[in-house]
Amino acid sequence: MAKSVRASVSKRNRAKLRATVFGPAADARTERLSAKLKELASQPIMREHKTSSMELDPTGFNTLLSFLALGSKDIEACKMALKWENRAILIANILIVVAISIFSSGFFPYKSLLPGLATFDETNIDTVAPKVFDRVIFMVIDALRSDFVYSKASGFSFTQRRFEINSLIRSGAALPFTAHASSPTVTMPRLKAMTTGSVPSFLDVILNIAESDTSSTLAYQDTWLAQLKAQGGQLVMYGDDTWIKLFPGVFDRSDGTTSFFVSDFTEVDHNVTRHVPRELSQHDWSAFIMHFLGLDHIGHKAGPKSRHMMTKQREMDSIVALIYAAMEEQDHLQSTLFVLCGDHGMNDAGNHGGSSPGETSPALLFISPKFQTKKTPEDSPVEAFSDLQYYRTVEQMDITPTLAGLLGLPIPLNSLGIFIPEFLMMWDNGNVISFFSIDILLRNAKQMLNAMKGTFPDIDVEATTTPQGCDKQLPTGPAKVQCAWFQALQLVHGPERNRTTLPDVESALLRVLRSAQEVMSSTASKYNTTRLYLGLIVAAVAVLLSFLPAYGLVSKSSNAVTFLMLSIISYGGMMFASSYVEEEQQFWYWVVTAWTVYLHIKSLRPWHGSKDPRFSFSRFATCMTVVLAISYRILRRWNQTGQKFAAEPDIARNFFPRHQNILWALIILTYFDTCMRLCLNSPPSNIWRSAAILTTIAAFFFKLVFVVSDSPELLDESLLSPIQKSLEGMPLLLPARLVFCGISLLVVTSFCAMNVTQKRSSLTGGKC
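Count along the sequence shown from 1, then add 13; that gives the number in this note's numbering.
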């Protein structure tokens with residue numbers, strides 16, 4: 014009986030709960046709670062400046078309320094949006110790779126190369142001009158700008174002595190030129206231009222940096238080195254190991270030097286000079302190549318106005334004098350051509366790679382006693398008639414056909430160079446032009462036209478009738494070359510060909526060569542604009558896709574997004590002007606300053622009007638503004654960069670050398686601060702602190718030894734000058750090893766301390 018009563022009571026209670034708690038009333042309460050949470054989420058949170066560390070983050074609490082207020086449908090929508098955002102990011106990353114590939118295929122155009130080695134035409138072998146020289150000494154001085162040799166401030170006194178007559182240029186033994194080195198003005202592309210006669214591409218810049226690259230080899234291309242090798246000649250090379258990478262297995266004797274230790278001004282050249290006397294006495298080589306790097310290292314380290322520059326120029330001039338004396342005295346060198354040249358120049362900051370006049374104007378001299386009887390001597394030194402342009406300017410790739418002609422070699426198949434007309438005198442009889450001179454130019458023209466056929470297959474080099482388009486007044490492109498060639502052939506094979514018409518034939522052939530060189534040079538730098546634009550469009554789509562996932566985040570900060578968009582648009586527009594690209598740092602100076610000022614003003618807003626005496630707005634704002642302005646000015650003047658202002662005075666190169674005590678005070682303060690941070694923010698270990706102190710002392714000692722060997726003038730007027738003599742001649746290897754051993758000890762000690770801490774934490778259950 015009691016059981017039935019209790020069961021009926023429980024049944025009535027459950028029915029009452031369903032009617033009052035879990036029924037419509039519960040739904041109503043849920044709706045009211047949801048509405049209240051949404052209302053709380055939409056209300057702004059009042060923040061006090063001074064908050065406790067135990068308080069909840071208002072932003073996180075706001076997000077929590079918003080999430081609680083979401084319904085199941087809203088959560089599903091968020092999940093779907095997140096899924097699409099992830100897909101957009103994935104697609105954007107794929108499109109970036111596609112855009113780079115398309116753009117690169119248009120920016121690095123394919124150059125058709127003729128395979129094999131050039132040979133003489135056997136049908137006209139009797140008319141081939143005889144060789145003038147049996148050997149060649151090819152001396153490359155890295156970054157030898159034209160004014161380093163030709164100006165009045167030059168250290169090449171033997172090459173162009175100012176007051177004495179027996180200099181190479183004044184005596185007529187040297188023919189001076191300014192070689193035009195087209196960009197990119199770095200070593201590997203310029204060596205390719207001088208050996209193959211072709212126009213290098215910007216892809217060679219990447220290969221110039223890749224030390225382990227083997228795809229840039231010229232072992233299978235036609236060069237004047239390959240032609241010498243094909244005739245049984247022996248080649249020797251000493252200097253920059255770029256030659257060994259370009260011509261693997263070509264040199265019978267070689268000793269390469271690396272170019273990446275730019276602080277080495279002397280040893281890198283002594284390793285070349287020590288081989289010179291022995292090789293000059295050898296009879297077995299046909300080409301003796303030297304490549305000196307010291308002058309380029311001085312430019313990179315201290316600029317073209319460094320006090321080391323004149324010393325290095327005199328050193329190089331002494332090597333020129335040594336070689337020329339051997340050419341005059343030793344019988345086996347009587348028929349030797351000596352070429353002195355730079356692979357590129359340097360700008361006012363000592364750098365290269367661009368297209369400024371300083372970078373594209375290296376010196377070029379052809380030296381031999383044979384020239385004294387053929388050429389009227391030039392005056393020296395002289396003033397530049399244009400930006401670093403001395404004497405006559407020739408293309409750097411003209412070296413290849415000129416060497417081929419003077420050495421009696423076939424001109425390399427892919428050469429776009431022109432035989433330098435000044436050397437046609439070597440076959441002339443007095444002022445009378447020789448038929449051999451015409452043969453040189455005719456072979457040069459045929460070779461260049463064959464190279465053109467790889468790019469322009471429709472060109473007809475064997476035309477017997479006037480080509481189409483020649484009746485126009487000004488034909489352009491390949492038509493201009495074909496018309497000039499047809500006119501030259503009429504003069505060459507004309508019935509009135511004799512010595513009186515040879516000047517006209519020579520002029521006509523030179524006109525063909527210059528037209529062909531102009532067309533082919535422009536073709537080598539002609540980009541596929543369709544692919545370039547397509548790559549830019551794909552990249553723009555990738556950028557838009559990447560903006561979509563970030564829209565929700567950046568939309569909450571409209572000022573930052575506006576500034577970011579303006580910066581991107583402005584920076585993108587600047588990239589279409591080469592002058593702005595060269596001075597890109599100026600854009601970032603102003604953009605970073607503007608953004609810093611904005612953040613500075615924004616951070617001071619909460620303190621404006623504050624009654625707290627610790628936050629006096631006027632004084633604090635004034636101090637911060639002054640500090641910001643001074644810091645910005647110091648950073649801008651610390652080190653001048655770019656092209657236009659590279660030679661302007663700055664703190665690093667002008668102020669510190671004159672105020673050496675300030676320089677060394679800052680250096681000592683830097684090392685002391687580093688040591689204190691290592692000791693204070695470190696594991697509580699005496700071994701660590703001792704290692705930190707000893708490593709800092711070793712690093713400072715290495716700094717002193719390095720300065721004494723590299724820039725001793727920075728110690729002459731400082732308080733540390735008494736220790737300069739005791740450190741002279743000390744090798745850098747021992748202090749460097751001490752520093753690296755100390756750093757290794759710090760790393761090992763740090764890992765050991767971390768392991769000990771983790772073990773203690775595991776033993777105590779993670780309690781501190």
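The beta carbon of each residue, even a glycine, is placed where N, CA and C say it ideally should be.
Residue pairing for I154: DSSP places it in a beta bridge opposite F305.
Just measuring C-alpha positions, the residue of A339, D392, W298 sitting nearest V249 is W298.
Proximity to P425 across T132, L679, A194, K144 peaks at T132, based on C-alpha coordinates. Check the Cα spacing between R527 and each of L462, H506, G119: the tightest is with L462. L522 sits away from Q240, with the two beta carbons spaced by 8 Å or more. For H296, the number of other beta carbons within 10 angstroms of its own is below 16, and it is reported as exposed. Sorting L547, R456, H288 by C-alpha distance to the C-alpha of L502 places R456 at the top.
For C692, the enclosing alpha helix (DSSP H) covers residues 673 to 693.
The secondary-structure analysis by DSSP pairs T468 with nothing; it has no beta-bridge partner. The C-beta separation of F305 from I154 comes to about 5 Å, placing the pair in contact by the 8 Å criterion. Counting C-beta pairs closer than 8 Å gives three or more between the stretch 150 to 168 and the stretch 346 to 354, which meets the contact rule. CA-to-CA, the gap between T638 and T271 works out to about 48 Å. By the Cβ test, the stretch 387 to 398 is not in contact with the stretch 329 to 336, since fewer than three Cβ pairs between them sit closer than 8 Å. Take the alpha-carbon of L545 and the one of G585: they are about 15 Å apart. Closest in alpha carbon position to K325, among E408, F169, M410, S381, is F169. Separation of the CB atoms of A529 and V556 is rounded to 43 Å, and the pair is thereby denied contact status at 8 Å.
Counting C-beta atoms within 10 angstroms of its own C-beta, P744 has fewer than 16 neighbours from the protein chains shown and is therefore classed as exposed. With respect to V285, G252 sits close: the two C-beta atoms are nearer than 8 Å. Under the three-state reduction of DSSP, M587 is assigned to helix.
Cβ neighbours of E408 within its own chain (closer than 6 Å, five residues either side excluded): H193.
Scanning E328, L238, D254 for the CA closest to the CA of T279 turns up E328.
For the 8 Å CB-CB criterion, G269 and D254 form a contact. Less than 8 Å separates the beta-carbon of F146 from that of T349. Straight-line spacing of the CA atoms in R203 and T373 works out to 10 Å. Secondary structure note for A376: its beta strand (DSSP E) is the uninterrupted segment 376 to 380. DSSP, reduced to helix, strand and coil, places Y540 outside both helices and strands of the structure shown, so it counts as coil. Less than 8 Å separates the beta-carbon of L378 from that of L188.
Taking all protein chains shown into account, S734 has fewer than 16 neighbouring C-beta atoms within 10 Å of its C-beta and is therefore exposed. Shortest Cα-Cα distance from L454 to any of F121, T140, S117 involves T140.
DSSP places T489 outside both helix and strand once states are collapsed to three, so it counts as coil. Excluding sequence positions up to five before and after T230, its CB lies within less than 8 Å of the CB of K258, L259, F260, P261, all in the same chain and listed in chain order. The alpha-carbon of Y645 is positioned some 15 Å away from that of T635. Counting C-beta pairs with one atom in each stretch, the stretch 682 to 694 and the stretch 702 to 711 have three or more that are closer than 8 Å, which means they touch. Going by DSSP, P189 is part of the beta strand (DSSP E) stretching over 187 to 193. R405 has F190 as its beta-bridge partners, per DSSP. One Cα belongs to L758, the other to G363, and the distance between them is close to 38 Å.
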